[in-house]
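Participant:
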Amino acid sequence: MTQATCTSESVFVQKTENGIAPVLLAGECPAQWKERLMAAFGAEDEPAATYLLHCLSRTARGKRSDLLFNACIAAIREIRPGNSLERMLVVQMCLANEYAVNALSSSDTAVFAEDKERLSAIAAKMMRLYLQQFEVLRRYRNAGRQNIQVTHVYADQAIVGDVVQGGK
1 MTQATCTSES VFVQKTENGI APVLLAGECP AQWKERLMAA FGAEDEPAAT
51 YLLHCLSRTA RGKRSDLLFN ACIAAIREIR PGNSLERMLV VQMCLANEYA
101 VNALSSSDTA VFAEDKERLS AIAAKMMRLY LQQFEVLRRY RNAGRQNIQV
151 THVYADQAIV GDVVQGGK
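Sequential numbering of the sequence shown, starting at 1, is according to full-length UniProt numbering.
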């Protein structure tokens, strides 16, 4: 296990031949790292946090860099999922965003027009999926609450009647 010099709440991992390994802070034991991992995912128990980390690592297909992997964990931590449904949705959102960016980048360097079109279509689908997931998360967090903005209009501010601009 490698040691990190960061003193924040960040959770870092690094790729190994056997999968991923924790990057411990100076003087930190593996149990403390697992607690920080659980906090990053908003998980109440270790198996849930380990499962989410496993989901991220399984989709890597050997291409994901440590920086990108750790950025996904940081993004999930910042979104602060509140329960298991939010945790799974946020992991999916992170991966959908990553696939959209990868497809867009690949379409930029594609040689054939058919490949450019196919990769651009995949990127567009992933971006739509991400936005749909974001909307689901927003609605779920609001739990049916509606925000109503009330603006008081006083008599000297109100207009009653037909309004025509630029007319004589």
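All C-beta atoms, glycine included, are put in the ideal place defined by N, C-alpha and C.
#1: Please list the segments of the alpha helix (DSSP H) lying wholly inside the segment 53–105, counting only runs of 4 or more residues, in order along the chain.
#2: I think I73 touches A40, with their Cβ atoms under 8 Å apart; what is that distance to the nearest whole Å?
#3: Candidates G166, E117, L89 and D162: which alpha carbon is nearest Q132's?
#4: Rounded to a whole number of angstroms, what is the C-alpha to C-alpha distance between E17 and F134?
#5: Any idea if Y154 is buried or exposed, counting beta-carbon neighbours within 10 angstroms, 16 or more meaning buried?
#6: Could you pull the DSSP bridge partners for A21 from this structure?
#7: Assess, as a yes-or-no matter, whether the segment 139–150 is touched by the segment 112–123 under the definition of 3 or more beta carbon pairs within less than 8 Å.
#8: Excluding sequence positions up to five away, which residues of its chain have a Cβ less than 6 Å from the Cβ of P81?
#9: In terms of residue numbering, what span does the alpha helix (DSSP H) encompassing D115 cover?
#10: Excluding the five sequence neighbours on either side, which residues of its own chain have a C-beta within less than 6 Å of the C-beta of A75, listed in chain order?
#11: So what does DSSP say about E35, is it helix, strand or coil?
Facilitator: Taking the structure as given:
#1: 66–79
#2: 6 Å
#3: L89
#4: 34 Å
#5: exposed
#6: Q14
#7: no
#8: G42, R87 and V90
#9: A113 to N142
#10: C94
#11: helix
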